[in-house]
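Remarks on the structure that follows.
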């Protein structure tokens with residue numbers, strides 16, 4: 001396989017995952033904060049893919065691999081938050097400080113996001129969207145690395 005024949009599915013895979021996220025959002029599955037974090041590296045991978053087609057810099061596919069790996073790592077972190085393996089960001093999980101006055105507690109409730117990161121909104125084959133994003137993103141990272149080796 002040529003470098004271009006590896007870059008196209010790698011960048012296209014990120015585009016497909018990003019479009020899939022927007023499709024689920026259109027279906028009514030509002031994204032949590034961690035879901036949004038996972039989208040940014042996919043956008044970067046798409047930009048890197050376009051740059052790879054225009055430029056022949058040897059290191060550029062490694063930037064695509066880093067982007068795919070980053071979104072996969074965030075997906076693993078998000079999966080751990082969903083499964084209560086570790087605490088997630090306090091801005092979007094059910095944890096919090098319950099001490100203080102009633103006014104303080106009310107302020108915490110009012111500032112809390114509507115979509116929590118520690119609740120699974122959708123699963124397929126026992127895996128959440130965050131888990132699927134992680135698995136598929138690591139596969140995309142492998143494509144990017146293979147493209148870098150062909151440069």
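Numbering (my numbering), first residue to last: 1 to 151.
Yeah, the Cβ is synthetic: ideal placement off N, Cα and C, and Gly gets one too.
As the structure is a computational prediction, the values presented were derived from the model and not from experiment.
Below 8 Å on the Cβ atoms is my guess for residue i versus residue j; work out the distance and round it to an integer in Å.
i: residue 139; j: residue 62; result: Contact flag wrong, Cβ pair sits at about 17 Å.
i: residue 48; j: residue 11; result: 7 Å
i: residue 41; j: residue 71; result: 4 Å
i: residue 8; j: residue 150; result: In fact, because the Cβ distance is near 13 Å, the residues do not count as touching under 8 Å.
Counting C-beta neighbours from all protein chains within 10 Å, is the total for residue i 16 or more, i.e. buried, or is it exposed?
i: residue 69; result: buried
i: residue 102; result: exposed
i: residue 28; result: exposed
i: residue 134; result: buried
i: residue 87; result: exposed
i: residue 50; result: exposed
i: residue 122; result: exposed
i: residue 58; result: exposed
i: residue 14; result: buried
i: residue 125; result: exposed
i: residue 18; result: buried
i: residue 141; result: buried
i: residue 136; result: buried
So, helix, strand or coil for residue i, using DSSP?
i: residue 137; result: helix
i: residue 27; result: coil
i: residue 19; result: helix
i: residue 128; result: strand
i: residue 4; result: helix
Following the continuous alpha helix (DSSP H) through residue i, name the residue where it begins and the one where it ends.
i: residue 77; result: 60-82
i: residue 46; result: 33-54
Assess contact between the stretch 30-46 and the stretch 115-126, defined as three or more Cβ pairs (one per stretch) separated by less than 8 Å. Is contact present?
yes
Within 8 Å, do at least three Cβ pairs link the stretch 10-29 to the stretch 121-134?
yes
Does the contact criterion of 3 or more C-beta pairs under 8 Å hold for the stretch 79-89 versus the stretch 52-67?
no
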